[in-house]
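Heads up, the thing below is written out as structure tokens.
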Amino acid sequence: MLKALADRLVEAFAERLHERVRREFWGFAPDERFGAEELIRERYRGIRPAPGYPACPDHSEKGTLFTLLDATAATGAYLTETFAMWPASTVAGWYFSHPDARYFGVGRIGEDQLRDYCKRKGVEPEEARRWLGNLLER
């Protein structure tokens, strides 16, 4: 029960922080006032995708985030060798404010796309296959 409560609280905090980013920090929606239904339907401008979700299926990108933010030093949270976050009730992601930004899912990845991804990310195909295996064309 405690784990379920902690998971809900961290998600609520992420939603609240996204609201503050829109209204205060970036200030592009200072008068925004949404009710629960509008928030659930994501009527606001911008998105906050996260590694491991359909738009960003590669969990290893959490390593990039943790490095850029020096997240372990700042929060005490850390990544396991499989890029799970600890404590489990931890969230990480990016904020995009463009008015046309929408959530999407990455489709099947062909071998040519995998090779290009490996080249840009600087990893070997075996490692990329490990993180993207369920998305690779068979």
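Everything in the sequence shown is counted per this note's numbering, starting at 1031 for the first residue and increasing by one.
Where a beta carbon is used, it is the ideal one built from N, C-alpha and C, also for glycine.
In this structure, the beta-carbon distance from phenylalanine 1058 to histidine 1089 does not fall below 7 Å. Between alanine 1044 and valine 1121, the C-beta spacing is below 7 Å.
Taking 7 Å as the cut-off, the beta carbon of tyrosine 1133 is found closer than this to the beta carbon of isoleucine 1077. In this structure, the straight-line span from the alpha carbon of aspartate 1146 to that of tyrosine 1083 is close to 21 Å.
Around the beta carbon of proline 1117, a 10 Å sphere encloses fewer than 16 other beta carbons of the protein chains shown; the residue is thus reported as exposed.
Under the three-pair Cβ rule at 8 Å, the stretch 1047-1064 does not count as touching the stretch 1102-1113. If you check the CB distance, arginine 1138 and glutamate 1091 do not come in under 7 Å.
Note on methionine 1115: 16 or more other CB atoms within 10 angstroms of its CB, so buried under the neighbour-count rule. Cβ contact annotation for valine 1051 (same chain, cutoff 7 Å, sequence separation greater than five): Tyr1125, in chain order. Straight-line measurement puts the Cα of leucine 1039 at about 20 Å from the Cα of threonine 1102.
Counting only runs of 4+ residues, the alpha helix (DSSP H) found wholly inside the stretch 1102-1159 occupies 1141-1151, in chain order.
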